[in-house]
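**Student:**
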Amino acid sequence: MLIRMIQTGLLAGFITAVIYSLIQSVTVTPIIYEAERYEVGSSIDHNSTKLATKDKGDYLREEIKRYSLTLLTNIVVSIGFAFLIVAGFVISKRKINPKEGIYWGIFGYFVFILFPALGLPPEVPGSVSTPVEGRQIWWVCTVFATSVGMGFGFFIKNTYVRLICIFVIILPHLIGAPNISDLKPGLVPLEIATHYVVWTLFTSLVFWIILGASSGMIYKRLSISSDN
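Residue numbers (the working numbering): 101 to 328.
Here it is, written out as structure tokens:
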């Protein structure tokens, strides 16, 4: 059982990270490059700036390093989340397949991405932000409340329990995320920041669906192999 869980987490996490990194490179990354121009106070194109100050070899090495670090980070994060999904498989004792995995992936998207983003949307470099400590505390509380509320609400089919679960889910939002109204506006135009939020939320949904589906598929196949 433990070996199957580890194998599923490693394989699903790696596969998802590679696919997600490719998607990210043509959606979110260009927006980050555009935002960085405003963050450093430059109106010159990102690629033109690099090529003007460094030769093409240095620029290429820097880009390879940047994408490699992004891929490595995505692999580590994906494997970690895959282990959480696999743990959910085991605890739930449900019949696991790719479709069931997608449900778990969507659950992860709601818990870790969508509900926290209602109060703290993704922030592009150069945009306004509140102190890190306040955001971290609110984010952790929201993730915990959402996971507990959705988890108990799904598995315990009792009207009163589910009403309590709904209250638990919305409680962090009733309290409110750290307020940014008193801070100075960021350097990045609203249009770029909006595009970043939309694409980040969309690619994150794709990430969780792929992670859930691949985890379900791999776990099912390993289960069949171990039974034979």
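Think of the CB as a built atom: it goes at the ideal place given N, C-alpha and C, for glycine as much as any other residue. A quick note: this is a predicted structure, and the numbers were derived from the prediction, not measured.
When DSSP labels each residue in this structure, what does Arg194 get in the three-state scheme?
**Tutor:** As a working mapping, residue 194 is identified with position 94 in the sequence shown. Coil at Arg194, not helix or strand.
**Student:** Are the region 262 to 274 and the region 187 to 198 in contact at 8 Å, needing three or more beta carbon pairs?
**Tutor:** No: the two stretches stay apart, fewer than three of their Cβ pairs being nearer than 8 Å.
**Student:** What is the DSSP secondary structure of Ala277, counted as helix, strand or coil?
**Tutor:** In the sequence shown, the residue the question calls residue 277 occupies position 177. Three-state DSSP puts Ala277 in coil, outside helix and strand.
**Student:** On the three-state DSSP scale, how would you describe Leu172?
**Tutor:** For this step, residue 172 is matched to residue 72 along the sequence shown. Of the three classes helix, strand and coil, the one that applies to Leu172 here is helix, per DSSP.
**Student:** Mind checking Ile333: buried by the 16 CB within 10 Å criterion, or exposed?
**Tutor:** In the structure as shown, the chain begins at 101 and stops at 328. Residue 333 is therefore absent and cannot be evaluated.
**Student:** For Ser168, does the count of other Cβ atoms within 10 angstroms reach 16, so buried, or fall short, so exposed?
**Tutor:** By one-based count along the sequence shown, residue 168 stands at place 68. Burial call: exposed.
**Student:** I need the straight-line Cα distance from Ala182 to Val126, nearest angstrom please.
**Tutor:** Position 82 of the sequence shown, counting from 1, holds the residue named residue 182. Position 26 of the sequence shown, counting from 1, holds the residue named residue 126. Computed Cα separation, rounded: 24 Å.
**Student:** Just how far apart, CA to CA, sit Pro332 and Ala313?
**Tutor:** The first residue shown for the chain is 101 and the last is 328, placing residue 332 beyond what the model contains.
**Student:** Does the distance from the CB of Ser178 to the CB of Ala217 come in under 8 Å?
**Tutor:** The residue labelled residue 178 in the question sits at position 78 within the sequence shown. The residue labelled residue 217 in the question sits at position 117 within the sequence shown. No, these two residues do not count as a Cβ contact at 8 Å.
**Student:** Using CA coordinates, which residue listed in Trp204, Glu134 and Gly316 is at the minimum distance from Gly251?
**Tutor:** Here residue 251 corresponds to residue number 151 of the sequence shown, with the count starting at 1. Cα-wise, what sits closest to Gly251 is Trp204.
**Student:** When you compare each of Tyr260, Leu305 and Ser315 to Gly109 by their alpha carbons, which one comes out closest?
**Tutor:** Numbered from its first residue, the sequence shown carries residue 109 at position 9. Per the Cα distances, Ser315.
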